[in-house]
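Colleague: Numbering (the working numbering), first residue to last: 29 to 144.
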């Protein structure tokens, strides 16, 4: 468990409850932000068709997550940055995490974030 995962797990129950409507729970929040960071990085690396548009959308979603978490009374930008840092740590160490989220779940969360 990384430092930010421990921090999220140690949040008081009333703070954890704030993550439920959009993310389901703090573990799914962590996974969703990790995947957002990974998608941003892969898009920057591979430069698929219309990648600038994709990056803009990904960054808007990340920004909305930061604002949403900040609205919970937490430091949204720092939490998102810490999770992105976990992704990059895994990336440079060729470590593939055990992602326990389906594509459909991830897309559903992103859609909820976009509407927030």
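Where a beta carbon is used, it is the ideal one built from N, C-alpha and C, also for glycine.
These numbers come from a predicted model, not from an experiment.
Return the chain-ordered list of same chain residues with a C-beta closer than 6 Å to the C-beta of residue 110, the five sequence neighbours on each side being excluded.
Modeller: Locating residue 110 in the chain shown gives position 82, counting from the first residue. Taken in chain order, the residues that qualify are 32.
Colleague: For residue 144, count neighbouring Cβ atoms within 10 angstroms of its own Cβ and tell me buried if that reaches 16, exposed if not.
Modeller: Mapped onto the chain shown, residue 144 falls at position 116. When all chains shown are included, residue 144 counts as exposed.
Colleague: Could you give the DSSP three-state label for residue 83: helix, strand or coil?
Modeller: Residue numbering aside, residue 83 sits at position 55 when the chain shown is read from its first letter. Note: residue 83 maps to helix in three-state DSSP.
Colleague: Which residue marks the beginning of the alpha helix (DSSP H) containing residue 49, and which one marks its end?
Modeller: To locate residue 49, count along the chain shown from 1; it is residue 21. That run of the alpha helix (DSSP H) goes 41–51.
Colleague: Just the C-alpha distance for residue 127 and residue 61, rounded to the nearest angstrom, thanks.
Modeller: Indexing the chain shown from 1 puts residue 127 at position 99. Indexing the chain shown from 1 puts residue 61 at position 33. So the alpha carbons of these two residues sit roughly 12 Å apart.
Colleague: Closer than 7 Å by C-beta to residue 134: which residues in its own chain qualify, once you throw out the five before and the five after it? Chain order, please.
Modeller: Position 106 of the chain shown holds residue 134. A distance below 7 Å between beta-carbons, with the five flanking residues on each side excluded, links residue 134 to the following residues of its chain, in chain order: 60 and 63.
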